[in-house]
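Reading the sequence shown from the start, the letters are residues 11 to 282 in this note's numbering.
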Amino acid sequence: MALEKQLMYLLSRKESIEGRDLIKTFEALNYTPQSIRNALTRLKKQSYIVSFERGSYSLTTSGLAAYNMSLNNNNFYYEKWDRRWYLIFMEIPETLRRKRDTFRNRLIGLGFGHLYKSVYVYPWNITDRVLELIDSLELEEYVTITVSQEFLYNKISPEGLPGPNSASAIWDIEGIKQCYMDKQIWLENYKSELNQLINDPQRDILSVFTHYLALMELKDDLLERDPMLPPEFLPGSWVGTSVLSTIDLQLGILGDLLSVNPDYSAFVSRKD
11 MALEKQLMYL
21 LSRKESIEGR
31 DLIKTFEALN
41 YTPQSIRNAL
51 TRLKKQSYIV
61 SFERGSYSLT
71 TSGLAAYNMS
81 LNNNNFYYEK
91 WDRRWYLIFM
101 EIPETLRRKR
111 DTFRNRLIGL
121 GFGHLYKSVY
131 VYPWNITDRV
141 LELIDSLELE
151 EYVTITVSQE
161 FLYNKISPEG
171 LPGPNSASAI
181 WDIEGIKQCY
191 MDKQIWLENY
201 KSELNQLIND
211 PQRDILSVFT
221 HYLALMELKD
231 DLLERDPMLP
241 PEFLPGSWVG
251 TSVLSTIDLQ
261 LGILGDLLSV
271 NPDYSAFVSR
281 KD
């Protein structure tokens, strides 16, 4: 989660926030004051935020739309797959190369796999997200979306079965697995630090908040990389589910501490 996205997250939760409070928060996350000011300036130039009063920032309508567009998917590991595949076909001209590249990159970020040239596939229904993306890039004439429960030839092969369209060939399953294993080690080492913070009666609420934001960033990065495929397309004992569950548990604990503080309760996502 980039600094700009974190700033927009906070501003999406309150009508306005003073710049000094934003700087104080993100300094605690090891950002320099200048980098925070630069990020705010970039957001202002994009018309995503405004400063009606000197030193106070608010998110604009277009800023909220951009923030919502940047959000990653929910955790589909909690859902049952209906065995449908969503396919996107595109034929975007070279004259729209920048939009085409943006569209492709965002599809990958949303979890779609590259099946063939200009063909992308995904097992979860996020059509509304894709339609919003198409609309924002004005690509309506160049994209087709279809859904099917059946491939007549060369279907997406479950884990361990032969076929040219194996899930591991379409998505970087091994790389995602390694990423989760690295984060699992980090979370294990982080546990003692978190417990010390939680059990400290004199804990600093800003420290609780920055830990919350850091975990949100970690989860956001994982969800952006992980397509969250149904179990049959993943190796056995898939580590991703346990890592995400651990993060959700820790976010819930920190969220409970923040929710009783009037200065921070607005920033707590109850989805966590």
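We put the beta carbon where it would ideally sit given N, CA and C, even for glycine. These figures come from a predicted structure and were not determined experimentally.
Between LEU267 and ALA224, the alpha-carbon positions lie close to 15 Å from each other. Taking the CA atoms as reference points, LEU254 sits about 7 Å from LYS229.
Nearest C-alpha to MET191 among SER252, GLU169 and ARG213: SER252.
Within the DSSP bridge table, the entry for TYR132 names TYR96 as partners. The alpha-carbon separation between ARG114 and TYR130 amounts to approximately 9 Å.
Exclusion of the five residues before and after GLN44 leaves no residue of its chain whose Cβ lies closer than 6 Å to its Cβ. Beta-bridge annotation (DSSP): ILE59 is paired with LEU69. Annotation: ASN271 to LEU216 spans about 11 Å, alpha carbon to alpha carbon. Only buried fits GLU14, as 16 or more other CB atoms lie within 10 angstroms of its CB. DSSP lists VAL129 as the bridge partner or partners of TYR126. Counted as a single uninterrupted DSSP element, the beta strand (DSSP E) harbouring THR156 occupies residues 153-158.
For SER217, the three-state secondary structure derived from DSSP is helix.
Secondary-structure assignment with DSSP links SER167 through a beta bridge to SER176. Its chain contains GLY123 and PRO237 as the residues whose beta carbon lies nearer than 6 Å to that of TRP181, once the 5 sequence neighbours on both sides are disregarded; these appear in chain order. DSSP places ARG64 in no alpha helix (DSSP H); its state is neither H nor E.
Secondary structure note for VAL140: its alpha helix (DSSP H) is the uninterrupted segment 137-147. For the 8 Å CB-CB criterion, SER68 and GLU101 do not form a contact. Taking a cut-off of 8 Å for Cβ pairs, the segment 51-66 and the segment 232-249 do not touch, as fewer than three such pairs fall below it. According to the DSSP assignment, TRP248 belongs to no alpha helix (DSSP H), since it is labelled neither H nor E. In this structure, TYR222 sits near LEU264, with a CB-CB distance shorter than 8 Å. For THR35, the enclosing alpha helix (DSSP H) stretches over residues 29-37. With a cutoff of 8 Å on beta-carbon distance, LEU74 and SER22 are scored as near each other.
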